[in-house]
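Q: Just passing along the structure, written as structure tokens.
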Amino acid sequence: MTRETGPSIAVIGAGAWGTALANAAAAAGCRVMLWARDGDQLAAMQHDRTNQSRLPGVRLHDTVMPEASLQAAVFGVQAVLLVVPAQTVAEMAKALQPVLPKGVPVVICAKGIDRVSGCFMSEVVEQAMPGVPVMVLSGPSFAQDVGLGLPTAVVLAGRDEAACKALAETLSSPRFRVYHSTDMRGVEIGGAAKNVLAIAAGIVSGRGLGESARAALTARGFAELLRFSQAFGGRPETLMGLSGLGDLVLTCASDKSRNFAFGLALGRGASVEQASGGKLAEGALTAAVLVRMARSKGIDMPIAEAVNAVLEGRSGIDEAVAGLMARPLKAEH
Numbered sequence: 000m001t002r003e004t005g006p007s008i009a010v011i012g013a014g015a016w017g018t019a020l021a022n023a024a025a026a027a028g029c030r031v032m033l034w035a036r037d038g039d040q041l042a043a044m045q046h047d048r049t050n051q052s053r054l055p056g057v058r059l060h061d062t063v064m065p066e067a068s069l070q071a072a073v074f075g076v077q078a079v080l081l082v083v084p085a086q087t088v089a090e091m092a093k094a095l096q097p098v099l100p101k102g103v104p105v106v107i108c109a110k111g112i113d114r115v116s117g118c119f120m121s122e123v124v125e126q127a128m129p130g131v132p133v134m135v136l137s138g139p140s141f142a143q144d145v146g147l148g149l150p151t152a153v154v155l156a157g158r159d160e161a162a163c164k165a166l167a168e169t170l171s172s173p174r175f176r177v178y179h180s181t182d183m184r185g186v187e188i189g190g191a192a193k194n195v196l197a198i199a200a201g202i203v204s205g206r207g208l209g210e211s212a213r214a215a216l217t218a219r220g221f222a223e224l225l226r227f228s229q230a231f232g233g234r235p236e237t238l239m240g241l242s243g244l245g246d247l248v249l250t251c252a253s254d255k256s257r258n259f260a261f262g263l264a265l266g267r268g269a270s271v272e273q274a275s276g277g278k279l280a281e282g283a284l285t286a287a288v289l290v291r292m293a294r295s296k297g298i299d300m301p302i303a304e305a306v307n308a309v310l311e312g313r314s315g316i317d318e319a320v321a322g323l324m325a326r327p328l329k330a331e332h
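Encoded structure:
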């Protein structure tokens, strides 16, 4: 298929991020099938060409076609972007398995770890869809920015470097740059772990502890992220890039991040239930499994431990902050 006629891409999941990625792919010259589970949402997108309930103020690109049928959405496509919450990736992959044409890559766009199995998202999809080529898309990106066509850079990782490079080029445009990597594990760890650390940064801001404290927490949190990634096979240079440091800096500094906003509300005194505001904060679902996995490898992650203790009601916020500040002084490395 030539560039003039446009490659076909399926985006599975019409939340804010799925809608934004559909627009980004369309802006790169792709024809996009955007699958939505919710019938009312689908009808609104088809009629108004907007996804007002998930991504207000963003009009769907002309070549984005909302679709109700999963089979129709993936028919004849060159790649599938799986853009559903991390804890529903397994369910969606199982639904895709019987209808996805052989050899079509599945690009995981969720940032998390399966809280039941402790599996990374790539492992979840590979177990549900044996033999499918799997890739991971991650990096510093807010749905609203991408949906509006503001400049953004992300990274696409997969084991097949040539295939990954080709798809990165297909999805790239002057306003949406897609770099490529073969370090799939490092990329997905960066995306998952930074959500937990962003909650901590939000708590610090919500408690009024100052910008200096938030900067220190972000830096020490990055050290935790590095230790975790290296223990599970990620490359240090990957974590220094877009999907690690880049994404961490973004989500630890803006209430556009659901995880930061969740922590901000906690820091201001809201309960865990109140802080969510009915919106998904992936870090709240990832914290416990991240800590469990770190302990299994003997990895020291005090900030992630403190966040998890607060979420599980085993520690108050002031107690958690005091505990972190009382840790032994040692050389920084």
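Residue numbers (numbering that gives the first Met the number 0): 0 to 332.
Cβ coordinates follow ideal geometry from the N, Cα and C atoms, glycine included.
1. Ends of the alpha helix (DSSP H) at residue 302?
2. Following the continuous beta strand (DSSP E) through residue 176, name the residue where it begins and the one where it ends.
3. If you draw a straight line from the alpha carbon of residue 55 to that of residue 32, how long is it in whole angstroms?
4. Determine the direct distance from the alpha carbon of residue 192 to that of residue 242, and round the result to whole angstroms.
5. Where does residue 30 sit, in a helix, a strand or coil, going by DSSP?
6. Just to check my reading of the structure: residue 45 and residue 13 have Cβ atoms closer than 8 Å, yes? What is that Cβ distance to the nearest angstrom?
7. Quick one: is residue 286 near chain D, going by C-beta distance under 8 Å?
8. Residue 211: buried (16+ other C-beta within 10 angstroms of its C-beta) or exposed?
9. Okay, do the stretch 101 to 121 and the stretch 181 to 196 touch, 3+ Cβ pairs below 8 Å being the bar?
10. On the DSSP letters alone, give me the boundaries of the beta strand (DSSP E) that residue 65 sits inside.
11. From which residue to which residue does the beta strand (DSSP E) around residue 137 run?
12. Alpha carbon to alpha carbon, how far is residue 280 from residue 273? Give it in angstroms, no decimals.
13. Taking residue 34 as the reference, which of 223, 181, 65 and 20 has the closest Cα?
14. Of all the alpha helix (DSSP H) runs that stay within the bounds of the stretch 31 to 91, which reach a length of 4 or more residues?
A: Based on what the coordinates show:
1. 301 to 310
2. 175 to 180
3. 20 Å
4. 10 Å
5. strand
6. Going by Cβ atoms, the distance from residue 45 to residue 13 rounds to 11 Å, so no, they are not a contact pair.
7. The structure shown contains no chain D, having only a single protein chain.
8. exposed
9. yes
10. 63 to 66
11. 133 to 137
12. 12 Å
13. 65
14. 38 to 47 and 69 to 73
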